[in-house]
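Numbering (the numbering used here), first residue to last: 2 to 694.
Quick reminder that beta carbons are idealized off the backbone N, C-alpha and C, glycines included.
Remember, it's a predicted structure, so these values are computed and weren't measured experimentally.
Heads up: the structure comes next, in structure tokens.
Next comes the structure, spelled out in structure tokens:
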């Protein structure tokens, strides 16, 4: 029902003045003798009176207040705990009875004038009727379910919520801690009697470990009714048993730890499975297994620090490098230490090649294995031999030296230097560099320039070779140990120096990425409840991003089952959503034809099975009873649903009237403009038609 009322900004008595003005204006205009008949004259005077009076009335700021009344029926929401535990641990006959009984109540309430709605733990699984409800949700969060109902019905007539549940909560907070402004009618299902069961409750492990290392994996067992029983716990890797332990379930100790020490072999995602051998008389074996997915990565980055002779720079370099716990250094100085034949990721060659013999072994190792290197020049460097290495910069010197300070190249962006760099570099003492001319190769960038006094030259001090098959860097200065000491003395910690060296090591050790197709999941690890999204990047020959490429994605699980998806990458698109997947390790391959050339990419990711619903088989009816008590209701069971129906109807929930008010200025009503325009036009037309004077 809608009503309205006219109000004005000024006193309504002023409307009489508006009428007087309109009448006076009409009398002055039409009181004289006219060439048309008197009826037409009176009509024209009436039109002018109406128009002028209404225009004066608009000056009073009139407004219209609309009042709308809406009758809102009382609503009953049927909130269904459709988690797996309800079906696993409830009597099927009892559960079916509850579903059919609640569907009958829903229909009767709708006939009685109630608004009804079905809600589940997931909004995407709403059934058409309660007897078709599927119990497949992998987790139970009753608090979120009830709070969502409260929020969605905040401005509506919510009478109550009928909650079907076993009371088992494994996500979110307990719903008994919240206050609800509606009645909750819990219907309890499930069995409250403790089952004779062994539960593998959890696994504890690090998700990332280094190849070749042993790592701990600890299983936590819970048991009920098997005191003194001996059970076997098996550890499998990719389906093959690798370890087995026999433990005695101690009396009075419900939780026991079973530790394993596992050797991390190979690289990539490894699938481990811990299983407790099922026992005779055990209620269920579905909670006897847990899965672990561990990413085995290569060990620490190994850095060879080779020098022609002992020098303070070496200690400064090693101290800076080892601020990163993922880096470890091996020192080689001819005559003092032995060169270990290892697979180094980066080499730092201090004044090598040198003028003295002994450093050839390190240089040969670097050449044979194409190890990315940081060359540091100094008085003992053999400049001619260095120039033959094509490390990105060529030095033409007469053998003299110069003292220079540092200046950052503002155009260098391959890696980010520390934020404090500009200020702290000015505090560094001068370093010794070869005096002469420098030629920087086209595939080389300058990180630091040489500065003489306050003048920055175009001569490089630190360069990185960023293009080509091998990355190299060159520091054209010795004595840089003073930089680290000076920065530590002035600022307590040498952040800029350490960051500069570790950034160089990271750049040199990073694999070259020449891929023109990069397809990847948004996350590396998912749960079986998550929706999985893939994104893609495509590049042309100049490695510039391009869009609109048709990409085929093939997904394979551990059993070899494959699925295919096709999508196009876009500048503002979110990739492709492949939905949820069961737990396991998945590999994928992607192909796209870019400018006629077939490009490929591949990878792997993990989906972790939650298995929360199989952990606890004992229903918690006490939680449901507390919910009912907190809202002034009762606890019901499948055989007492008739009482539930009677209690809802006896509560005599009434519809409510919701009134809304809307105030608008009359001058904002567009249709009034056209009415006035019509009246004025009609008056003008009649006057002209009958001969105006």
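For this session: Identify, in the order they occur along the chain, each residue of the same chain with its Cβ nearer than 8 Å to the Cβ of residue 140, setting aside the five sequence neighbours on each side.
Result: Hits under 8 Å: 84, 122, 171, 172, 530, 611, 613 and 614.
Exercise. Beta carbon of residue 310, beta carbon of residue 357: below 9 Å?
Worked result: One thing to note: residue 310 has its Cβ within 9 Å of the Cβ of residue 357.
Exercise. For residue 324, which residues of its own chain have a beta-carbon under 7 Å away from its beta-carbon, when the five flanking residues on both sides are left out?
Worked result: Taken in chain order, the residues that qualify are 499 and 503.
For this session: Return the residue from the list 467, 443, 416 and 412 that minimises the CA-CA distance to residue 450.
Result: Selected option, being the one with the closest Cα: 412.
Problem set entry | Separation of residue 637 from residue 179, as counted between CA atoms | If you take the alpha carbons of residue 179 and residue 637, they lie about 21 Å apart.
For this session: Rounded to whole angstroms, what's the CA-CA distance from residue 203 to residue 256? Just pull it up for me.
Result: Cα to Cα, the separation comes out at about 11 Å.
For this session: Please work out which residues of its chain come closer than 6 Å, Cβ to Cβ, to residue 551, disregarding the five sequence neighbours upstream and downstream, and give them in chain order.
Result: The residues 569, in chain order, have a CB closer than 6 Å to that of residue 551 in the same chain once the five nearest residues on each side in sequence are set aside.
Problem set entry | Expected contact under 8 Å - CB spacing of residue 604 and residue 521 to nearest Å | Right, the Cβ-Cβ distance comes to about 6 Å (below 8 Å), so this counts as a contact.
For this session: Look at residue 259 and residue 219 and say whether their C-beta atoms are less than 9 Å apart.
Result: Yes, the pair counts as a contact, with Cβ atoms nearer than the cut-off.
For this session: Find the nearest neighbour of residue 275 within the set 293, 333 and 286, judged by alpha-carbon distance.
Result: Ranking 293, 333 and 286 by Cα distance to residue 275 puts 293 first.
For this session: Taking residue 377 and residue 345 to be in contact with their CB atoms under 8 Å, please state how far apart those CB atoms are, rounded to whole angstroms.
Result: With a Cβ gap of about 16 Å, residue 377 and residue 345 do not count as contacting.
Exercise. Would you say residue 331 faces chain E, with C-beta separation under 9 Å as the test?
Worked result: Among the chains of the structure shown, chain E does not appear; only one protein chain is present.
Exercise. Hey, residue 452 and residue 445: beta-carbon distance below 9 Å or not?
Worked result: Contact flag unset, no.
Exercise. In terms of residue numbering, what span does the beta strand (DSSP E) encompassing residue 438 cover?
Worked result: It spans 432-441 - the beta strand (DSSP E) in which residue 438 sits, taken as one unbroken run.
Exercise. Does the distance from the C-beta atom of residue 578 to that of residue 609 stay below 9 Å?
Worked result: Residue 578 places its beta carbon 9 Å or farther from that of residue 609.
For this session: Give the secondary structure of residue 251 by DSSP, where H, G and I count as helix, E and B as strand, and everything else as coil.
Result: Three-state DSSP puts residue 251 in coil, outside helix and strand.
For this session: State whether the segment 378-385 contacts the segment 332-347, with contact taken as three or more CB pairs (one from each stretch) at a distance under 8 Å.
Result: Counting Cβ pairs under 8 Å, fewer than three are found: no touch.
Problem set entry | C-alpha gap between residue 606 and residue 588, whole angstroms | Linking residue 606 to residue 588 through their CA atoms gives a straight-line distance of about 7 Å.
For this session: Would you please state the rounded distance, in angstroms, between the beta carbons of residue 315 and residue 351? I believe it to be under 8 Å.
Result: Rounded to whole angstroms, the Cβ separation of residue 315 and residue 351 is 6 Å, and the two are in contact under 8 Å.
Problem set entry | Cβ neighbours of residue 226 in the same chain (closer than 6 Å, five flanking residues each side left out) | Short of 6 Å from the beta carbon of residue 226, and not among the five residues preceding or following it, lie these beta carbons of its own chain, in chain order: 197.
Problem set entry | Neighbourhood of residue 238 by C-beta distance below 6 Å, restricted to the same chain and skipping five residues each side | Contacts found: 273.
Exercise. For the 8 Å Cβ check, are there 3 or more pairs between the segment 68-78 and the segment 672-679?
Worked result: Counting C-beta pairs closer than 8 Å gives fewer than three between the segment 68-78 and the segment 672-679, which falls short of the contact rule.
Problem set entry | Counted within 10 angstroms of its Cβ, other Cβ atoms place residue 186 as buried (16 or more) or exposed | So residue 186 ends up on the buried side.
Exercise. CB-CB under 8 Å to residue 375, same chain, minus the five flanking residues each way: which ones, in chain order?
Worked result: Hits under 8 Å: 347, 348, 349, 350, 473, 474, 475, 476, 505, 506 and 509.
Exercise. Run through DSSP, which three-state label would residue 622 get?
Worked result: Three-state DSSP puts residue 622 in a helix.
For this session: Output yes or no for whether 9 Å exceeds the beta carbon distance between residue 190 and residue 618.
Result: The criterion of a C-beta distance shorter than 9 Å is not satisfied by residue 190 and residue 618.
Problem set entry | Exposure of residue 271, with buried meaning 16 or more beta-carbon neighbours within 10 Å | By the neighbour-count rule (16 or more Cβ atoms within 10 Å), residue 271 is buried.
Exercise. Does DSSP classify residue 40 as helix, strand or coil?
Worked result: When DSSP states are grouped into helix, strand and coil, residue 40 belongs to the helix group.
Exercise. Which residue comes first and which comes last in the beta strand (DSSP E) that contains residue 557?
Worked result: Start and end: 551-557.
Problem set entry | Residue burial classification, residue 597 (beta-carbon count within 10 angstroms, cutoff 16) | Taking a 10 Å sphere around the C-beta of residue 597, we find fewer than 16 other C-beta atoms and assign the residue as exposed.
Exercise. Cα separation between residue 541 and residue 547?
Worked result: CA-CA distance, residue 541 to residue 547, rounds to 7 Å.
For this session: Have a look at the DSSP bridge pairing and note the partners of residue 6.
Result: In the DSSP assignment, residue 6 forms a beta bridge with 66.
For this session: In the DSSP assignment, find the unbroken beta strand (DSSP E) run with residue 565 in it and report its ends.
Result: Here the beta strand (DSSP E) through residue 565 covers 563-569.
Exercise. Which one or two residues does DSSP pair with residue 315 in a beta bridge?
Worked result: In DSSP, residue 315 forms no bridge with anything.
Exercise. So what's residue 283 in DSSP terms, helix, strand or just coil?
Worked result: Residue state, collapsed to three classes: coil.
Problem set entry | For residue 161, the nearest candidate out of 183, 645, 296 and 422 (CA to CA) | Answer by Cα proximity: 183.
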